[in-house]
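**Student:** Numbering (the working numbering), first residue to last: 10 to 476. Where is the CB? At the ideal position from N, CA and C, for every residue including glycine.
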Ligand SMILES: *Cc1c(COP(=O)(O)O)cnc(C)c1O
């Protein structure tokens, strides 16, 4: 009986002839179509073994199955996404969305670009020229170097300046950042010896002082990017650490994590130390990410003393962690936006999203709810809720930013089913669930997201059979 059921199964050849007649072979690479056809026949064989009366094993059904898989396998894996989570610097969603001018710069640089061409002489130049002058201009630092990301910047600085020597750091700052960046591991990788001082909650200047030996190469300070210490705590102010370093001739390296170029307190947000303050405090070298509060592309930025930056730039490891031209183009454009300290709050998306007023967010949520409600009529309730969003990405740890969301509760299905469908949609919509509602936080939605978002919601409310 199983045999007779299997006999109705079309052969791969027959399926391919059918796909050719449908024009599918003209639209997709032949080898991919053949692979998908084989898989489809195999899946059908499996279904027939389990259920000899299976209905979806005929030629039409198999051809549709192949086309579905071809669509899935040829669409981009690294797809754009709609961020409705309210987490502004969302590492899983690519951290900072680029400004319009940074996007345009990436497009320009995507072909040939004068990446390492010294234009006046026509000789080989340095890719560092495109951002180092701007970085010095905007921060007052003596010298600058840009690498692939901040983890690489820290590893490179430690390797070039402290390999085989001691680096003194407070126990309260031996942090782990997401994605397994653990400060003690990075230090071990760089070949320097970690000298921990103080306790988890309290470290004093005398702790650092007592740890200095002729082998000390650096005093290291690490920003607590993703947690807060509250209560019985003490940390040494940067200026005091710098003064100690000066007295003893030992450079201070400050890993700021999320380097802010503007004072967030100006917009009523919690304070983060700014890069300019750290430079003014006289820190010898500091590092931070390009794609956190700065709001640019993935990059690691090193600023500081000319002699130290020169040693780092010429270390062989620098070549292994160099930045690529697309990131460099986006970084240059992002940095240029900071020349206008007013307009930058509008131009750089991370700053725009963080500085929105609660009134504007509420208004946006009400407008969006009015657009969403008719699309979901009868399928879900649509309300406006107040909620809290986060900066994310190792910035403003512990701070809850008041925000507004459109809250959706499906009438007939579980909210988890809708959340999943939205994530599988193209473009995917990433939302969160709270108290049985699907929350769309408007803080992280861009104007151009609204139409595809409404379309995704209607698709989620009325999925097609094969959806
Ligand atoms: C985020 C962070 C890093 C890692 O930066 P990437 O740019 O992600 O490599 C290192 N140190 C601190 C303190 C951070 O916050």
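Kindly examine ligand 1 and report whether one of its heavy atoms sits closer than 6 Å to the Cβ of residue 101.
**Tutor:** no
**Student:** Under 6 Å: does the beta carbon of residue 270 sit that close to some heavy atom of ligand 1?
**Tutor:** no
**Student:** Does the Cβ of residue 160 lie closer than 6 Å to at least one heavy atom of ligand 1?
**Tutor:** yes
**Student:** Do you know how far the Cα of residue 403 is from the Cα of residue 150?
**Tutor:** Distance between the alpha carbons of residue 150 and residue 403 is about 23 Å.
**Student:** Mapping the DSSP letters down to three states, classify residue 22 as helix, strand or coil.
**Tutor:** helix
**Student:** Name the two residues that bound the continuous alpha helix (DSSP H) containing residue 409.
**Tutor:** It is not in any alpha helix (DSSP H) - residue 409 carries neither H nor E in the DSSP assignment.
**Student:** Just the Cα atoms here: how many angstroms apart are residue 379 and residue 181?
**Tutor:** 48 Å
**Student:** Taking only runs that begin and end inside the segment 377 to 454, name each unbroken alpha helix (DSSP H) of 4 or more residues, in chain order.
**Tutor:** Here the runs fully enclosed are 424 to 433.
**Student:** Any contact of the segment 442 to 457 with the segment 266 to 285, i.e. 3+ C-beta pairs under 8 Å?
**Tutor:** no
**Student:** Would you say the beta carbon of residue 266 comes nearer than 6 Å to a heavy atom of ligand 1?
**Tutor:** Checking the 6 Å criterion, the Cβ of residue 266 is within range of a heavy atom belonging to ligand 1.
**Student:** Could you check if residue 260 is buried or exposed, using at least 16 other CB atoms within 10 Å of its CB as the buried criterion?
**Tutor:** buried
**Student:** Here's the rule: buried if 16 or more other CB atoms are within 10 angstroms of the residue's CB, otherwise exposed. What is residue 462?
**Tutor:** buried
**Student:** Comparing alpha-carbon positions, which option in 21, 34, 33 lies nearest residue 52?
**Tutor:** 21
**Student:** Out of 377, 250, 186, state which residue places its alpha-carbon closest to the alpha-carbon of residue 215.
**Tutor:** 250
**Student:** Could you check if residue 305 belongs to the surroundings of ligand 1, using beta carbon to heavy atom distance under 6 Å?
**Tutor:** no
**Student:** How about residue 190: is its Cβ closer than 6 Å to a heavy atom in ligand 1?
**Tutor:** yes
**Student:** Run through the segment 234 to 261 for me and flag every whole alpha helix (DSSP H) of 4 or more residues, listed as ranges in chain order.
**Tutor:** 247 to 257
**Student:** In this structure, does DSSP put residue 150 in helix, strand or coil?
**Tutor:** Residue state, collapsed to three classes: coil.
**Student:** If you pair each beta-carbon of the segment 44 to 58 with each one of the segment 390 to 407, do three or more pairs fall below 8 Å?
**Tutor:** no
**Student:** My guess is that residue 184 and residue 234 are in contact by the Cβ rule of under 8 Å, so how many angstroms apart are they, rounded?
**Tutor:** 7 Å
**Student:** On the three-state DSSP scale, how would you describe residue 542?
**Tutor:** Outside the shown range of the chain (10 to 476) lies residue 542, about which nothing can therefore be said.
**Student:** Check for me: the alpha helix (DSSP H) holding residue 52 runs from which residue to which?
**Tutor:** 39 to 59
**Student:** Beta-carbon within less than 8 Å of residue 397's beta-carbon, same chain only, minus the 5 sequence neighbours each way: which residues are those?
**Tutor:** 95, 409, 410, 411, 412
**Student:** Could you check what DSSP says for residue 14 in three-state terms: helix, strand or coil?
**Tutor:** In the three-state reduction of the DSSP assignment, residue 14 falls in the helix class.
**Student:** Can residue 306 and residue 340 be called in contact, C-beta distance under 7 Å?
**Tutor:** yes
**Student:** Taking the beta strand (DSSP E) that residue 97 belongs to, which residues open and close that run?
**Tutor:** Taken as a continuous stretch (DSSP letters only), the beta strand (DSSP E) holding residue 97 covers 96 to 98.
**Student:** Any heavy atom of ligand 1 inside 6 Å of the beta-carbon of residue 232?
**Tutor:** Residue 232: yes, Cβ under 6 Å from ligand 1.
**Student:** Could you tell me the distance, in whole angstroms, from the CA atom of residue 440 to the CA atom of residue 449?
**Tutor:** 6 Å
**Student:** Pairing CB atoms from the segment 60 to 79 with CB atoms from the segment 260 to 269, are three or more of them under 8 Å?
**Tutor:** no
**Student:** Quick one: which unbroken beta strand (DSSP E) runs of 3-plus residues sit fully inside the segment 291 to 358? Chain order, please.
**Tutor:** 294 to 298, 309 to 313
**Student:** Can you find the residues in the same chain that come closer than 8 Å, C-beta to C-beta, to residue 241, ignoring five residues on each side of it along the sequence?
**Tutor:** 210, 211
**Student:** State yes or no: is the C-beta of residue 311 within less than 7 Å of the C-beta of residue 162?
**Tutor:** yes
**Student:** Please go through the same chain and pick out, in chain order, the residues whose beta-carbon is closer than 7 Å to the beta-carbon of residue 142, but skip the five residues on each side of it.
**Tutor:** Same-chain partners within the cutoff: there are none.
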